[in-house]
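Undergrad:
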Amino acid sequence: MARVAIVTGGTRGIGRAICEALSADGLTVVANYGGNDAKAKRFSDETGMPAYKWDVGDHAACLTGCAKVADEIGPVDVVVNNAGITRDGTLHKMSFDDWNEVMRINLGGCFNMAKACFPGMRDRGWGRIVNIGSINGQAGQYGQVNYAAAKSGIHGFTKALAQEGARSGITVNAIAPGYIDTDMVAAVPEPVLEKIIAKIPVGRLGRAQEIARGVSFLCSEDGGFVTGSTMSINGGQHMY
Ligand code: CAA
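For the sequence shown, counting from 1, position 140 maps to 140 in my numbering; every step adds exactly one.
Structure (structure tokens):
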């Protein structure tokens, strides 16, 4: 039977590319999404993959949502924690809510999804968790103390959970994308983005599919000896 994967924030951008890559690999893929019903419907119509709505920052909603997926689709073997938001602004302009929402969703979402799915992976002796971090969690970024802290936290979370999962056949890895051609990056003011692109050695934004290929490898049988790692896919912008 095909393994079941959940991709959070899976209906658009990098998440959608990951869903398509894992589906092409033969997995049964479910997308989770947080808010945009119209984009989720379009995703399901175009790909044939189901989309389940819940807020990954809500612990109880994650437990209920993942249990529903397990009931309706099958036990979850692969989790890709991709859902994330930005609330950029310099510290002196950033509200507590801007801080808290980014921590709650971007970092809290990883904990909540792992709590929901890790026990079953342990019982079955096989699992793959891939957490989408960021170059800005590795290097920091002006105007992103919240996002950089959450993404940096994801990298620590990954290494800790990798140690706990290793003996149960569960790998836990992170991918640290650079600036990828998505709605999130398109929201960066144009003059700021131009300066950022000028610093990317490859000379362009990345493509969502370039991140998805990395996820695909980490979720494969061949990726079984890779755990606790961070794969940087950033056009050479930060060599870590
Ligand atoms: N280093 C030093 N100084 C900087 C700076 C930098 N990187 N960027 C801006 N400044 C300076 C500006 O020159 C300006 O100084 P002056 O007033 O002396 O001219 C001052 O800081 C204020 O800058 P802004 O006018 O830009 O301030 P703002 O409050 O209007 O906007 C901001 C601040 C929202 C952070 C804006 O600069 C911004 O959007 N920056 C981009 C942040 C970013 O890269 N976000 C990534 C989103 S995509 C993502 O996160 C995906 C991923 O994983 C990669």
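By construction, the Cβ of each residue, glycine as well, lies at the ideal position given by its N, Cα and C atoms.
Name, in chain order, the residues that DSSP records as bridge partners for Tyr52.
TA: Partner(s): Asn32.
Undergrad: Which partner residues does Val80 have in the DSSP bridge list?
TA: Val7, Val130, per the DSSP bridge assignment.
Undergrad: How far does the beta strand (DSSP E) with Thr230 in it reach, from first residue to last?
TA: Its beta strand (DSSP E) spans residues 230-233.
Undergrad: Cutting at 7 Å between CB atoms, please list the residues of its own chain near Ile249, excluding the five before and the five after it.
TA: Any answer about residue 249 is impossible in this case: the structure gives the chain only from 1 up to 240.
Undergrad: Let's test the definition: count the other Cβ atoms within 10 Å of the Cβ of Ser95 and tell me whether it reaches 16, buried, or not, exposed.
TA: Looking at its Cβ environment, which holds fewer than 16 other Cβ atoms inside 10 Å, Ser95 is exposed.
Undergrad: Rounded to whole angstroms, what's the CA-CA distance from Tyr142 to Ile132? Just pull it up for me.
TA: Between Tyr142 and Ile132, the C-alpha separation is close to 20 Å.
Undergrad: What does a CB cutoff of less than 8 Å around Trp54 pick up in its chain, not counting 5 residues either side in sequence?
TA: Same-chain partners within the cutoff: Asn32, Gly34, Ala61, Cys62, Thr64, Gly65.
Undergrad: Beta-carbon separation of Asn234 and Ala176 under 8 Å?
TA: Result yes, Cβ atoms of Asn234 and Ala176 sit closer than 8 Å.
Undergrad: Secondary structure at Gly206, three-state DSSP: helix, strand or coil?
TA: Here Gly206 sits in strand by DSSP.
Undergrad: So what does DSSP say about Pro119, is it helix, strand or coil?
TA: Correct three-state label for Pro119: helix.
Undergrad: Going by beta carbon distance, what residues of the same chain come within less than 8 Å of Ile200, once the five residues before and after it are set aside?
TA: So the qualifying residues of the chain are Gly178, Tyr179, Asn234, Gly235, Gly236, Gln237.
Undergrad: Comparing C-alpha positions only, which one of Gly127, Gln138, Leu193, Val7 sits nearest to Gly169?
TA: Ranking the options by Cα distance to Gly169, first place goes to Gly127.
Undergrad: For the 8 Å Cβ check, are there 3 or more pairs between the segment 153-166 and the segment 220-230?
TA: Enough Cβ pairs lie closer than 8 Å, so yes.
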